[in-house]
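Residue numbers (our numbering), protein chains in the order written: chain C, 9 to 350; chain Z, 9 to 350.
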């Protein structure tokens, strides 16, 4: 078996827990035993935190969190942690500003993702732009958050940035939507020379894999992890039932230089709602990955995922175990493998 | 009354017909008496031509036409005319190529628009990009048509280019959609430094004017006409009935330097389906403007509009009469007047 490596920083203080001996699922992800790591009413005026993104920062961890306020409107909250398990939140939502420092708040903001590219941290989320669309901001210090141009017009409710430029361009995955609960959705790739103008759009992956757990829509989850095999992408896959959508976690590996080309795509989910905190909550039966913390040296990966639009959970794997599993269960369509332009 | 001027070329050979004395509509557009100018089965293998764009070319006229083939699939056909009324069509659809000359045909192509910017002609249309989206091509000679990057990801079925750069940028109007018949739709503006990457997206106009004829969706029609008062935009406005959508023609005037700001918006339609060729056809009750021919010296404007997804019709006005009417019936919302960024 070819050995696969994470290409990136060492994060020796990342959270970790071995797979429990009792786990006979055959799946490559296992849950943290103390899940959920963020419970109800985690901050004053915030009913629930979920669908949130974390990253190593200095000798600890920092993150941007979807905080559903008690008025029902979501905004992004800053959280800090020594161990990436126990989090404390700033009492006020993140205040975004324009380049000139003037306040520039969205009407709402949810499902943030977070990457560091060349010493700048970029946050990307969903907000109202005369219709649900993608908002972006940058920060160097997590004190000033400067809004960037909205990269896309509506409707789009899910976007993820790559953690470095590829061929000199910033890269973004997104899932075009409609104005409602969107019973369809594929993953597209867009590139930018400057985080200001976007183009060279490509289709990456379709919901039409034939696998029922993802047959309604799919969307990027965590910022892709660079590995020796390609970009490891955790994504969400959605199916429908008589009682609503079910969101599971899947994975694929994209070509390192041409990430619109899918190299491997796992035909099974890696994790699907089954624990009480995944099955019960504001939106039952949702597991929604938004971030990972990973350590190049050990190959360990911690996945952070929203649970039932109510909690945050963590699950673990190693890059070797996961990539072996993806390859063993690989099933890609011609549409996924191609460059994705028409 | 302030006099308003078209800023642009003189086209003394443009088609023209005075308003009939019998016209007591009070509306500023009047139809050509010989409408429709393009009837059924206009070319071999083509059942209907409609929603098409024309432009002066050399000492005559040329155009890109939505030809609905007898297999039901739409493509773009080239047409030529001495008088812009009687059109002859090339027997084969337009063949698009990549930069390197290799064939690069969309799966379908419809509702083309056509502008000339700095001696290059740009065609923009709706096509399949893993979902309905916008396609673009350029030509210098109407013999070689080179595809450009798709400017947007799905879903979007209606886009219009401005006929010159504004503040050094190419400008495009579009109407974000869903994957179906889209019971909503506003007009957005996007800009590009290079026709390759697009950004600085802004909201222009909403369907929520309060006027019922446009209360479902609105979308750019003809390429905007530059006037001394601003960019004169013919657009389509859609309402819904128990028997389907009704498409009328409306107009607005956008700020010359900041065209996301609406200066005037006409609260009434200018033209709505009432003639047999507008009420009867493949899609009854559609009048859908896609182009104008206009003459700066006389101020005359000929509007080309698709009729019932079956025919092409022409209607006439003058810039003075039209702008006077728009100003007399002006009604803009705060949302339309603002810059359009959130």
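Yeah, the Cβ is synthetic: ideal placement off N, Cα and C, and Gly gets one too.
{"Asked": "At a Cβ cut of 7 Å, what residues of the segment 105-130 of chain C count as close to chain Z, listed as they run along the chain?", "Found": "114 and 115"}
{"Asked": "For residue 235 of chain Z versus residue 123 of chain Z, is the C-beta spacing smaller than 8 Å?", "Found": "no"}
{"Asked": "Could you pull the start and end residues of the beta strand (DSSP E) that residue 155 of chain C belongs to?", "Found": "153-155"}
{"Asked": "Classify residue 327 of chain Z as helix, strand or coil using the three-state DSSP reduction.", "Found": "helix"}
{"Asked": "Considering only the alpha carbon of each residue, which of Z/180, Z/12, Z/309 and Z/240 lies closest to residue 204 of chain Z?", "Found": "Z/180"}
{"Asked": "Which runs of the beta strand (DSSP E) spanning at least 3 residues fall entirely within the segment 192-255 of chain C, listed in chain order?", "Found": "195-200, 205-213, 225-228, 233-235 and 238-249"}
{"Asked": "Enumerate, from N- to C-terminal direction, the unbroken beta strand (DSSP E) stretches of 3 or more residues contained entirely within the segment 77-164 of chain C.", "Found": "82-89, 117-125, 128-136, 140-147 and 153-155"}
{"Asked": "Please classify residue 334 of chain C: does DSSP put it in a helix, a strand, or coil?", "Found": "helix"}
{"Asked": "When the Cα atoms are used, what is the spatial distance from residue 1 of chain Z to residue 91 of chain Z?", "Found": "Outside the modelled stretch of chain Z, which goes from 9 to 350, sits residue 1 of chain Z, for which no answer is possible."}
{"Asked": "Determine the DSSP secondary structure at residue 40 of chain C, reduced to helix, strand or coil.", "Found": "coil"}
{"Asked": "Report buried or exposed for residue 188 of chain C, applying the criterion of at least 16 other Cβ atoms within 10 angstroms of its Cβ.", "Found": "exposed"}
{"Asked": "Contact criterion: CB-CB distance below 8 Å. Does residue 94 of chain Z meet it with respect to chain C?", "Found": "no"}
{"Asked": "Look at residue 269 of chain Z and residue 347 of chain Z and say whether their C-beta atoms are less than 8 Å apart.", "Found": "yes"}
{"Asked": "Can you name the residues of chain Z whose CB is closer than 8 Å to the CB of residue 11 of chain C?", "Found": "What residue 11 of chain C touches in chain Z: nothing, since even the nearest Cβ is about 35 Å away."}
{"Asked": "Straight-line CA distance for residue 131 of chain C to residue 115 of chain Z?", "Found": "36 Å"}
{"Asked": "In three-state terms, what does DSSP make of residue 22 of chain Z?", "Found": "coil"}
{"Asked": "Measure from the C-beta of residue 198 of chain C to each C-beta in chain Z and report whether the shortest distance is under 8 Å.", "Found": "yes"}
{"Asked": "Judging by CA-CA distance, which residue of Z/155, Z/121, Z/85 and Z/25 is the nearest neighbour of residue 108 of chain Z?", "Found": "Z/155"}
{"Asked": "Which residue marks the beginning of the alpha helix (DSSP H) containing residue 345 of chain Z, and which one marks its end?", "Found": "342-345"}
{"Asked": "So what does residue 301 of chain C bridge to, in DSSP terms?", "Found": "C/310"}
{"Asked": "If I'm right that residue 75 of chain Z touches residue 65 of chain Z with Cβ under 8 Å, what's the distance once you round it to whole angstroms?", "Found": "Wrong, their Cβ atoms sit about 19 Å apart, outside the cutoff."}
{"Asked": "Does the distance from the C-beta atom of residue 119 of chain C to that of residue 158 of chain C stay below 8 Å?", "Found": "no"}
{"Asked": "Determine the contact status of residue 304 of chain C and residue 16 of chain C, defining contact as a CB-CB distance below 8 Å.", "Found": "yes"}
{"Asked": "Looking at residue 186 of chain C and residue 214 of chain C, is the spacing between their C-beta atoms short of 8 Å?", "Found": "no"}
{"Asked": "So with Cβ pairs under 8 Å, would you call residue 161 of chain C a contact of chain Z?", "Found": "yes"}
{"Asked": "Got a sec: is the Cβ-Cβ distance from residue 165 of chain C to anything in chain Z below 8 Å?", "Found": "no"}
{"Asked": "Out of Z/32, Z/105, Z/33 and Z/61, point me to the one whose CA is closest to residue 46 of chain Z's CA.", "Found": "Z/61"}
{"Asked": "If distances are taken between C-alpha atoms only, which option among C/22, C/240 and C/43 comes closest to residue 69 of chain C?", "Found": "C/22"}
{"Asked": "Between the C-alpha atoms of residue 24 of chain C and residue 148 of chain C, what's the straight-line distance to the nearest angstrom?", "Found": "28 Å"}
{"Asked": "Taking the straight line between their C-alpha atoms, what separation do you get for residue 252 of chain Z and residue 293 of chain Z?", "Found": "9 Å"}
{"Asked": "Pull up the distance between the alpha-carbon of residue 337 of chain C and that of residue 34 of chain C, whole angstroms please.", "Found": "12 Å"}
{"Asked": "Assuming residue 331 of chain C and residue 322 of chain C form a contact by the criterion Cβ under 8 Å, report the distance between their Cβ atoms to the nearest whole angstrom.", "Found": "Not really, about 20 Å apart at Cβ, beyond 8 Å."}
{"Asked": "Nearest to residue 79 of chain C by alpha carbon, out of C/245, C/67 and C/55?", "Found": "C/55"}
{"Asked": "What would DSSP say about residue 9 of chain Z, mapped onto helix, strand or coil?", "Found": "Low local confidence applies: a pLDDT of 48 at residue 9 of chain Z is under 50, so the model's placement there is unreliable, with the coordinate-based value given in what follows. The answer is coil: DSSP assigns residue 9 of chain Z none of H, G, I, E or B."}
{"Asked": "Quick one, are the C-beta atoms of residue 231 of chain Z and residue 169 of chain Z less than 8 Å apart?", "Found": "yes"}
{"Asked": "Decide if residue 282 of chain C is buried, meaning its Cβ has at least 16 other Cβ atoms within 10 Å, or exposed.", "Found": "exposed"}
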